[in-house]
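Here the protein sequences line up with chains A and B, keeping their order. Residues in the first sequence are numbered consecutively from 19, following our numbering. Residues in the second sequence are numbered consecutively from 4, following our numbering. We put the beta carbon where it would ideally sit given N, CA and C, even for glycine. Quantities reported herein were computed from a predicted structural model and do not represent experimental measurements.
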Amino acid sequence: MFKTDKENIELFFRKTRLKIETFLSRNSVLLIGKIITISIFILIIIGPIFYLLLQIFLHWGEIYSKVFNDPILGNEAFLMMLRSIGLSLKVAGIVTFFDLIVGIPIAWVLARYNFKGKKILDTLVDMPMAVPTSALGFSIYLFWGTNNGISRLLNSNVGLVSQGTLLIILTHIAFTFPYVTRSIKGIIADLDINIEKAAKTLGAPPFTIARMISLPMVKESLLAGTVLAFTRSLGETGATLIVSGVYQTAPVVIVSWMKGLKIPTTAFLSLILIIISLLLLTAVRLFARKVGLPWNKVFPRFERKISSKKVARTRDSLSITLFFIFVFIPALFVVIYLFQWWNKSPFSGDHEAGMIYQVFQAPDKKIDSIVHAFVTSVEVALIVTIVNLVIATPMALLISKTKNDKLKGLLDTLIDIPLIIPSSALGFSIFFLWGSNGLHLLSPGFMMIIVSHISFTYAYCVRPLVGAFDAIPTMYDEAAFAFGSSRLTAFRTVTMPFLKSGLIAVSIMTFTRSMSETGATIIVQGVERTIPVLLVDFFEASTFPAAAFAASLLILISFLSLLLLRYVSKER
Amino acid sequence: MTEIQFKHVTKIFGRKVEAVKDLSFIIEDGEYVSLIGPSGCGKTTTLRLLAGTVLPTRGKIFFDNREVENLPIQERNLGFVFQHFAIFPHMNVWENIAYGPTVKGKKKSEIEELVEHSLSSVQMKERAESFPSELSAPELQKVALARVIAAEAKILLLDEPLGALDQKIREEFQFFLRDFVKKQGLTAIHVTHDQAEALSISDKVIVLNKGQLVQMGTPDDLIFSPTNLFTSFFVGESDFIEGYVLDDSSRFSKVRVGLESINVQNAGIHKGEHVVIAIRREFFDVRKADQNNENFLTGKVISDQFLGLFRRVKVLLKNQQIIEAKIHAKSPLKFEENETVHVIIDPARTRCFEFPKEGIKKSLEM
Numbered sequence: 019m020f021k022t023d024k025e026n027i028e029l030f031f032r033k034t035r036l037k038i039e040t041f042l043s044r045n046s047v048l049l050i051g052k053i054i055t056i057s058i059f060i061l062i063i064i065g066p067i068f069y070l071l072l073q074i075f076l077h078w079g080e081i082y083s084k085v086f087n088d089p090i091l092g093n094e095a096f097l098m099m100l101r102s103i104g105l106s107l108k109v110a111g112i113v114t115f116f117d118l119i120v121g122i123p124i125a126w127v128l129a130r131y132n133f134k135g136k137k138i139l140d141t142l143v144d145m146p147m148a149v150p151t152s153a154l155g156f157s158i159y160l161f162w163g164t165n166n167g168i169s170r171l172l173n174s175n176v177g178l179v180s181q182g183t184l185l186i187i188l189t190h191i192a193f194t195f196p197y198v199t200r201s202i203k204g205i206i207a208d209l210d211i212n213i214e215k216a217a218k219t220l221g222a223p224p225f226t227i228a229r230m231i232s233l234p235m236v237k238e239s240l241l242a243g244t245v246l247a248f249t250r251s252l253g254e255t256g257a258t259l260i261v262s263g264v265y266q267t268a269p270v271v272i273v274s275w276m277k278g279l280k281i282p283t284t285a286f287l288s289l290i291l292i293i294i295s296l297l298l299l300t301a302v303r304l305f306a307r308k309v310g311l312p313w314n315k316v317f318p319r320f321e322r323k324i325s326s327k328k329v330a331r332t333r334d335s336l337s338i339t340l341f342f343i344f345v346f347i348p349a350l351f352v353v354i355y356l357f358q359w360w361n362k363s364p365f366s367g368d369h370e371a372g373m374i375y376q377v378f379q380a381p382d383k384k385i386d387s388i389v390h391a392f393v394t395s396v397e398v399a400l401i402v403t404i405v406n407l408v409i410a411t412p413m414a415l416l417i418s419k420t421k422n423d424k425l426k427g428l429l430d431t432l433i434d435i436p437l438i439i440p441s442s443a444l445g446f447s448i449f450f451l452w453g454s455n456g457l458h459l460l461s462p463g464f465m466m467i468i469v470s471h472i473s474f475t476y477a478y479c480v481r482p483l484v485g486a487f488d489a490i491p492t493m494y495d496e497a498a499f500a501f502g503s504s505r506l507t508a509f510r511t512v513t514m515p516f517l518k519s520g521l522i523a524v525s526i527m528t529f530t531r532s533m534s535e536t537g538a539t540i541i542v543q544g545v546e547r548t549i550p551v552l553l554v555d556f557f558e559a560s561t562f563p564a565a566a567f568a569a570s571l572l573i574l575i576s577f578l579s580l581l582l583l584r585y586v587s588k589e590r
Numbered sequence: 004m005t006e007i008q009f010k011h012v013t014k015i016f017g018r019k020v021e022a023v024k025d026l027s028f029i030i031e032d033g034e035y036v037s038l039i040g041p042s043g044c045g046k047t048t049t050l051r052l053l054a055g056t057v058l059p060t061r062g063k064i065f066f067d068n069r070e071v072e073n074l075p076i077q078e079r080n081l082g083f084v085f086q087h088f089a090i091f092p093h094m095n096v097w098e099n100i101a102y103g104p105t106v107k108g109k110k111k112s113e114i115e116e117l118v119e120h121s122l123s124s125v126q127m128k129e130r131a132e133s134f135p136s137e138l139s140a141p142e143l144q145k146v147a148l149a150r151v152i153a154a155e156a157k158i159l160l161l162d163e164p165l166g167a168l169d170q171k172i173r174e175e176f177q178f179f180l181r182d183f184v185k186k187q188g189l190t191a192i193h194v195t196h197d198q199a200e201a202l203s204i205s206d207k208v209i210v211l212n213k214g215q216l217v218q219m220g221t222p223d224d225l226i227f228s229p230t231n232l233f234t235s236f237f238v239g240e241s242d243f244i245e246g247y248v249l250d251d252s253s254r255f256s257k258v259r260v261g262l263e264s265i266n267v268q269n270a271g272i273h274k275g276e277h278v279v280i281a282i283r284r285e286f287f288d289v290r291k292a293d294q295n296n297e298n299f300l301t302g303k304v305i306s307d308q309f310l311g312l313f314r315r316v317k318v319l320l321k322n323q324q325i326i327e328a329k330i331h332a333k334s335p336l337k338f339e340e341n342e343t344v345h346v347i348i349d350p351a352r353t354r355c356f357e358f359p360k361e362g363i364k365k366s367l368e369m
């Protein structure tokens with residue numbers, strides 16, 4: 019009796035679930051789902067940007083007077099914009115150039131050679147991408163700009179590199195060059211080695227082969243990685259706030275104007291930055307296939323010379339050495355610093371200058387605000403991850419199943435927008451749409467942080483999921499349908515298991531990105547603080563040991579996430 | 004068991020691509036039917052029309068006299084077997100087979116019964132707990148078949164089901180598959196590009212070209228009584244000899260080929276008509292010219308090639324046409340290049356068709 023009861027209950031629940039799924043699989047219901055998916059996409063991605071554009075257009079008079087014709091400052095605001103954009107573009111250009119010089123050889127080494135510790139190097143190269151930029155910037159500043167890092171080795175009492183353009187460049191190279199390496203590493207590994215062998219038998223030296231045969235084959239991805247590196251440098255806020263000093267890049271100017279509540283000028287500058295990024299994205303989408311690498315001419319003697327084993331080995335070890343000196347050690351120096359200043363100043367031996375006193379014992383109880391910020395960060399990251407999984411999965415499915423190539427391409431490009439526009443500009447446009455200047459649904463604070471984080475992590479979710487959906491053969495769905503599954507039942511029973519590891523990977527990535535974001539958070543945070551922002555606050559208050567504590571905490575979290583991510587993607 | 008009927012079914016993709024044109028046929032209860040034809044002939048589209056993953060632009064489809072063209076795939080009660088099996092990789096064999104009855108909302112005890120029965124029908128009982136990654140290709144295909152049985156499907160759609168199997172296993176599996184379908188009383192539609200497979204496995208074969216039905220018949224019909232040039236060309240290798248009918252009075256009529264004449268089977272050809280004689284290459288016989296031969300065409304040997312079981316003798320006929328005879332390798336006669344020979348033609352093995360207006364080549368275009 020008992021057994022049949024249990025069976026009947028199971029049957030009842032299964033049948034009910036199947037009925038619900040069948041109902042939800044009806045074309046009309048699916049259409050509603052599609053509309054909701056697209057609406058969410060428009061509301062959180064496109065909406066803020068369009069609203070910003072619209073408002074600038076509608077209030078052009080006010081903006082014009084503030085930007086170009088202020089009664090006190092004249093066009094000083096505009097000049098400052100030009101200066102900051104100029105600086106941003108200059109920095110991004112130089113950074114991208116060095117990214118290519120360091121990034122391509124490292125990608126080559128990782129793709130082609132087998133050596134002890136290759137996996138470790140591979141993980142280390144990814145590190146700067148995972149470490150929150152504000153922690154990274156702080157660490158690099160400590161290494162180059164104070165008397166704790168490199169200066170100590172050189173027995174100097176002042177920092178080697180002061181805050182400014184050079185330090186900005188050093189910092190930006192650290193977190194952007196992995197985009198270049200990452201974009202081409204896998205493809206180089208997959209290239210048909212026989213093609214290169216053929217070129218070799220025809221007498222081409224290795225350098226010429228790499229330049230004329232192999233790199234052209236990876237050019238599209240290389241270009242995509244380069245643009246990503248460029249736009250990341252152009253839009254970075256968190257680290258730049260720390261290392262820039264008085265030389266303000268455009269995103270930093272957005273933050274400081276926002277703090278002074280200069281809304282019209284901030285809006286205008288945000289829009290300009292967004293437009294620059296969008297132009298870059300469009301140009302790459304349109305011309306990626308058509309661009310050739312420069313110099314089809316061959317210089318046999320010169321290229322043979324620099325192809326010699328000696329030169330190649332020197333180049334490889336040099337690029338790896340450069341990586342360690344300029345990226346890895348500065349990026350993690352903060353941890354060493356933390357131990358140097360653990361309970362006293364290494365210089366004066368002063369207990370009150372040490373980390374323990376500053377964080378745990380000083381009357382302002384920094385540990386309380388750290389714990390509070392930590393909880394906020396985790397809450398935000400968790401909510402953002404869950405929400406994004408719910409809204410990004412249908413969007414990825416929609417893109418993957420769209421048969422119209424033009425529509426697919428359009429959606430594909432639109433998805434990328436939050437990836438490339440400066441996060442402070444994105445944060446500002448969200449503040450503008452959702453806050454008192456727009457819909458007036460939210461005021462700066464917890465909820466607005468969540469909305470802005472959803473917005474910029476959305477692409478990180480959708481993009482890999484589209485790939486995951488594309489990789490599932492349609493025959494599984496068809497088989498499930500033939501046996502009587504509704505679409506939703508087939509999705510739950512057949513598609514989801516294929517996606518599992520992809521979903522976990524995406525969740526970890528989203529969580530990490532949200533934990534480490536600075537630029538947008540500063541704009542929309544109100545009185546709330548997340549850990550990366552708190553780090554900037556500590557830095558600005560010159561309580562370095564406390565900042566080092568927060569930075570090390572962030573680095574630890576992102577390192578654990580990275581390990582977890584590696585583990586999950588290996589499971590596959 | 005289900006009877007399937009297509010009535011003037013047309014499927015147009017986009018605006019212009021006619022994948023299937025005015026297709027009509029009846030597949031009887033429990034029949035095993037293969038769809039063959041060159042790639043792009045519409046066989047896969049036909050299978051998809053049956054499955055319901057593609058809807059017809061015009062025409063009607065009936066299962067047991069019930070109109071189904073607007074019925075979704077879920078309600079057509081059919082089972083799919085794919086070239087790459089489509090066994091769900093995250094479920095074990097038991098769960099895979101239980102999938103159909105589970106999503107149809109059957110009772111647990113009933114599901115267990117169905118799965119047990121299906122597993123034993125393919126002799127896979129001891130592999131119930133295995134995961135797909137642990138199974139060989141033929142085992143996977145057996146799971147796919149068991150899954151269809153457990154879902155109580157009446158129609159079995161097979162899309163190149165043997166394509167992923169090795170040549171040797173494939174031949175064995177053909178027998179297993181046919182035997183299985185017959186025992187379970189399924190109506191099976193099998194898409195393949197392998198004509199030999201279609202001929203040895205099916206009750207009937209449908210030949211498609213450019214989305215149209217060329218001929219439907221038993222394997223025997225297709226080989227011995229093709230009703231048109233395309234079938235005799237596509238099903239096995241044939242040569243085509245051009246001629247004019249001299250007399251149509253008896254069962255065998257005389258046809259002039261160049262300056263010679265031969266007797267061919269008369270299947271509705273008329274005196275004075277321009278015709279094509281189709282002869283399968285293995286039905287030619289080549290003899291030395293100095294012997295006392297009957298019903299032959301004279302020609303010169305171009306080449307005599309050894310092909311394992313067969314020899315291929317290429318002959319240039321007097322009317323400047325080249326034919327290839329497939330002669331059993333055991334045949335003691337060997338031919339020299341340029342040797343004059345007689346190509347013997349068995350009238351009973353010939354088929355005559357009206358000469359296509361657009362020319363032979365054009366009419367055989369795929």
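- For the stretch 304 to 361 of chain A, the full-length alpha helix (DSSP H) segments reaching 4 residues or more read 318 to 323, 327 to 340 and 347 to 358 along the chain.
- Identification of chain A residues near residue 110/B by a Cβ-Cβ cut-off of 8 angstroms yields 25 and 29, ordered along the chain.
- Residue-level contact check: residue 507/A touches chain B, since one or more beta carbons of chain B fall below 8 angstroms from its beta carbon.
- A Cβ-Cβ distance of about 16 angstroms is found for the pair residue 71/B and residue 48/B, leaving them out of contact under the 8 angstroms criterion.
- When 114/B, 277/B, 14/B and 161/B are compared, the shortest CA-CA separation from residue 257/B is found for 277/B.
- With three or more CB-CB distances shorter than 8 angstroms, the stretch 32 to 44 of chain B counts as touching the stretch 195 to 203 of chain B.
- The alpha-carbon separation between residue 376/A and residue 154/A amounts to approximately 21 angstroms.
- With a threshold of 8 angstroms between beta carbons, residue 494/A makes contact with chain B.
- In the structure shown, the three-state DSSP call for residue 149/A is coil.
- Neighbours of residue 166/B in chain A, taken as residues at a C-beta separation under 9 angstroms, are lacking, since the least C-beta distance is about 13 angstroms.
- Following the DSSP letters along the chain, one finds residue 317/B inside the beta strand (DSSP E) bounded by residues 313 to 320.
- If you compare the alpha carbons of 572/A, 60/A and 396/A with that of residue 448/A, the shortest gap goes to 60/A.
- Within 8 angstroms of the CB of residue 32/A, the CB atoms of chain B belong to 105 and 108, in sequence order along the chain.
- The three-state secondary structure of residue 73/A, taken from DSSP, is helix.
- Taking a Cβ-Cβ threshold of 8 angstroms, the residues of chain B close to residue 512/A are 91, in chain order.
- By the 16-neighbour rule on beta-carbons within 10 angstroms, residue 546/A is buried.
- When Cβ-Cβ separations below 8 angstroms define contact, residue 196/B makes no contact with chain A.
- Rounded to whole angstroms, the gap between the alpha carbons of residue 555/A and residue 339/A is 33 angstroms.
- With respect to the C-alpha of residue 401/A, the residue from 473/A, 336/A, 458/A and 381/A having the closest C-alpha is 473/A.
- Residue 132/B is classed as exposed because its beta carbon has fewer than 16 other beta carbons within 10 Å across all chains shown.
- Residue 328/B: member of the beta strand (DSSP E) spanning 325 to 331, first to last residue.
- When CB distances to chain A are screened at a threshold of 9 angstroms, the residues of the stretch 144 to 173 of chain B falling below it are 147, 150, 151, 153, 154, 156, 160 and 162, in chain order.
- For residue 64/B, none of the residues of chain A pass the 8 angstroms Cβ criterion, the least Cβ distance being about 16 angstroms.
- Secondary structure in the stretch 235 to 287 of chain A: no beta strand (DSSP E) run of 3 residues or longer lies completely within the stretch.
- Against chain A, a Cβ distance below 8 angstroms from residue 87/B picks out 491 and 493.
- Residue 227/A and residue 284/B have their C-alpha atoms some 53 angstroms from each other.
- Contacts with chain B at 8 angstroms (Cβ-Cβ) do not include residue 523/A.
- Apart from the 5 residues on each side of it in sequence, residue 231/A sits with its Cβ closer than 8 angstroms to the Cβ of 213, 214, 217 and 222 in its chain, given in chain order.
- Listed along the chain, the chain A residues whose CB falls inside 9 angstroms of the CB of residue 83/B are 493, 496, 497, 499, 500 and 501.
- By the neighbour-count definition (other C-beta atoms within 10 Å, threshold 16), residue 79/A is an exposed residue.
- By the 16-neighbour rule on beta-carbons within 10 angstroms, residue 182/B is exposed.
- As DSSP reads the structure, residue 219/B sits in a beta bridge with 209/B.
- Boundaries of the beta strand (DSSP E) around residue 355/B: 354 to 357.
- A Cβ-Cβ distance of about 7 angstroms is found for the pair residue 552/A and residue 388/A, placing them in contact under the 8 angstroms criterion.
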